[in-house]
Amino acid sequence: MDTEVEHADILLAYADAIYASDSNELERTREQVHSRMGSGATIEAAATAANFSMLDRVANAVGIQIESMAIEQTEDFRGELGINEYVSAANTLGNL
Amino acid sequence: MSQTYSDSAFAIRTDLAAVHGATMESFCAPGTWFDAKERREIVALSRRARAERGFEILGYIDEVLDISLPSGALKLIDVVSCESEKIDKNFYLELVSNGLLTEQYVEIIGLVTRAVSVDTFCRSLGLSMRLLADARDGVPSRAIPDTAVIDHAWVPIIPAGSKGGAPATVLYGETDFVANIFSALSLVPGEASGVMQLGQTQYVGMNDFQNFKFFRDENFSRAQLELVAARISALNNCFY
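Respectively, the protein sequence lines represent chains Z and V. Take 931 as the starting number for the first sequence in this note's numbering and just add one per residue. Take 428 as the starting number for the second sequence in this note's numbering and just add one per residue.
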């Protein structure tokens, strides 16, 4: 998928490695981000991954619905990306 | 750099180190429905669950002390830690129908998710896990916010604005709107506050949320930040 975001390739690889459990891959992808984007960017990418590792679990665990304004705004790409198939989708879609 | 990350080769910004330090301290302090020993144990069990499932925690040390916890707590800790994407309403109802208070459910989620956050940050930068301090004395407050209601979640939440009354003002400030994710754990305000503080420091503050040019580092744009956020959320199958 072309995101038109600079350095998307290495950031996505870093995010994937953070989620998975391969320490060699994590080290490799972290070094890629570090060498191409710098220390500050590496820290912020790590902080972002940490934050959403938390928030995703909160959302999944208490069954929150997405805000009503976002339901219509996201309708077109949710289906395309398979997001409607998540177990957590029922928390919103099941209440429409 | 604070003591929290004195071992880091990366120069971690002060506010981030501070909020992680405060988070770690909160795990060993009395909470609302659990005392300090129990809270510390919940975090230790979450780490053990992740380690046993193969989720890497650098420098892992098993800190479990076999402190007794309510029925259902172990299952909740395990599932939230390792496979939260599978949680549905039946899971929640089963636990709270079999000995776990809704308030305890919420506090456990707060502890586990905040622990995952700090641990993920450490692992991402190649740092060993931050060790838990000894549990501090004190009793749980057992305070229930009197304006908490069922709204956008399975559990009661404190609504923003006038409906939320004084509890809302204390937790959210003077605002008529708060994102559902930040009111999600408000049945236990201490945990909701902890999540919000981490969110504002690790991600974007509420005042900057609509600023799509916001950045903390000139080499990491808002778009790049959202890309990483979206990827992690997709991997966690988080619809929200």
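By construction, the Cβ of each residue, glycine as well, lies at the ideal position given by its N, Cα and C atoms. Computed from a prediction, not measured in an experiment: that's the story for all the values here.
Excluding residues up to 5 positions away in sequence, I585 and A587 lie with their Cβ nearer than 6 Å to the Cβ of A595/V in the same chain. Near chain Z, meaning a CB-to-CB distance below 7 Å, the residues of the segment 516-527 of chain V are K516 and Y519. Taking each of F641/V, S433/V, N638/V and M623/V in turn and checking the Cα distance to L985/Z, the smallest one comes out for M623/V. Beyond the five residues adjoining it in sequence on each side, G993/Z comes within less than 8 Å, by CB distance, of S1018 and N1021 in the same chain, given in chain order. A direct Cα-to-Cα measurement between T574/V and S551/V gives close to 39 Å. Close to chain V, meaning a Cβ-Cβ distance shorter than 8 Å, are the following residues of the segment 985-1003 of chain Z: L985, D986, R987, V988, A989, N990, A991, V992, G993, I994, Q995, I996 and E997.
Here DSSP, grouped into helix, strand and coil, assigns V506/V to helix. The criterion of a C-beta distance shorter than 8 Å is not satisfied by I659/V and F1007/Z. Around the beta carbon of E974/Z, 16 or more other beta carbons lie within 10 angstroms, which makes this residue buried. One alpha carbon belongs to Y532/V, the other to L503/V, and they sit about 8 Å apart. The residue among V523/V, Q651/V, S453/V and S433/V with its C-alpha nearest the C-alpha of D561/V is S453/V. Contacts with chain V at 8 Å (Cβ-Cβ) do not include G1009/Z. Residues of the same chain with a CB within less than 6 Å of the CB of G626/V, apart from the 5 flanking positions on each side, do not exist. Straight-line spacing of the CA atoms in R563/V and A444/V works out to 21 Å. Annotation note: the segment 540-603 of chain V contains the following uninterrupted alpha helix (DSSP H) runs of length 4 or greater, listed N- to C-terminal: 592-599. Chain order gives no chain V residues near R958/Z, where near means a beta carbon separation below 8 Å; the closest approach is about 12 Å. The contact set of I940/Z on chain V, defined by CB atoms closer than 9 Å, is empty, because the minimum CB distance reaches about 10 Å. Bounds of the alpha helix (DSSP H) holding H964/Z are S953 to M967. The beta carbon of L652/V falls within 8 Å of a beta carbon belonging to chain Z, placing the residue at that interface. Taking a C-beta cut-off of 8 Å against chain V, the contacting residues of the segment 960-984 of chain Z are R960, M967, G968, S969, G970, A971, T972, I973, E974, A975, A976, A977, T978, A979, A980, N981, F982, S983 and M984, listed in chain order.
F548/V and A976/Z do touch by the CB rule: their CB atoms are close to 5 Å apart, below 8 Å.
One thing to note: T431/V has its Cβ no nearer than 8 Å to the Cβ of E534/V. For N1021/Z, the C-beta contacts it makes with chain V under 9 Å involve D515, K516, H579, A580, W581, F666 and Y667, in order along the chain. Within chain Z, no C-beta atom comes nearer than 8 Å to that of S589/V; the closest sits roughly 19 Å away. Taken in chain order, the unbroken stretches of alpha helix (DSSP H) that lie wholly in the segment 448-497 of chain V and span 4 residues or more are 463-479.
In chain order, P497, S498 and G499 place their CB closer than 8 Å to the CB of G526/V, counting only its own chain and leaving out the 5 sequence neighbours on each side.
When 7 Å is used as the limit between beta carbons, D489/V is near no residue of chain Z, the shortest such separation being about 17 Å. N607/V is classed as buried because its beta carbon has at least 16 other beta carbons within 10 Å across all chains shown. Short of 8 Å from the beta carbon of V935/Z, and not among the five residues preceding or following it, lie these beta carbons of its own chain, in chain order: L941. In summary, R960/Z is buried, with 16 or more beta-carbon neighbours lying within 10 Å of its beta-carbon over all protein chains present.
Sequence-ordered contacts of the segment 637-650 of chain V with chain Z read F642, R643, D644, E645, N646, F647, S648 and A650 [C-beta pairs closer than 9 Å]. In this structure S568/V is exposed. Its beta-carbon is surrounded by fewer than 16 other beta-carbon atoms within 10 angstroms.
With 16 or more other Cβ atoms from the protein chains shown falling within 10 Å of its own Cβ, A947/Z counts as buried.
Contacts between T459/V and chain Z, judged by CB atoms closer than 8 Å, are missing: the closest CB pair is about 16 Å apart. Judged by DSSP secondary structure, F518/V falls within the alpha helix (DSSP H) whose first and last residues are K516 to V523.
G1024/Z and T529/V have their alpha carbons spaced roughly 22 Å apart.
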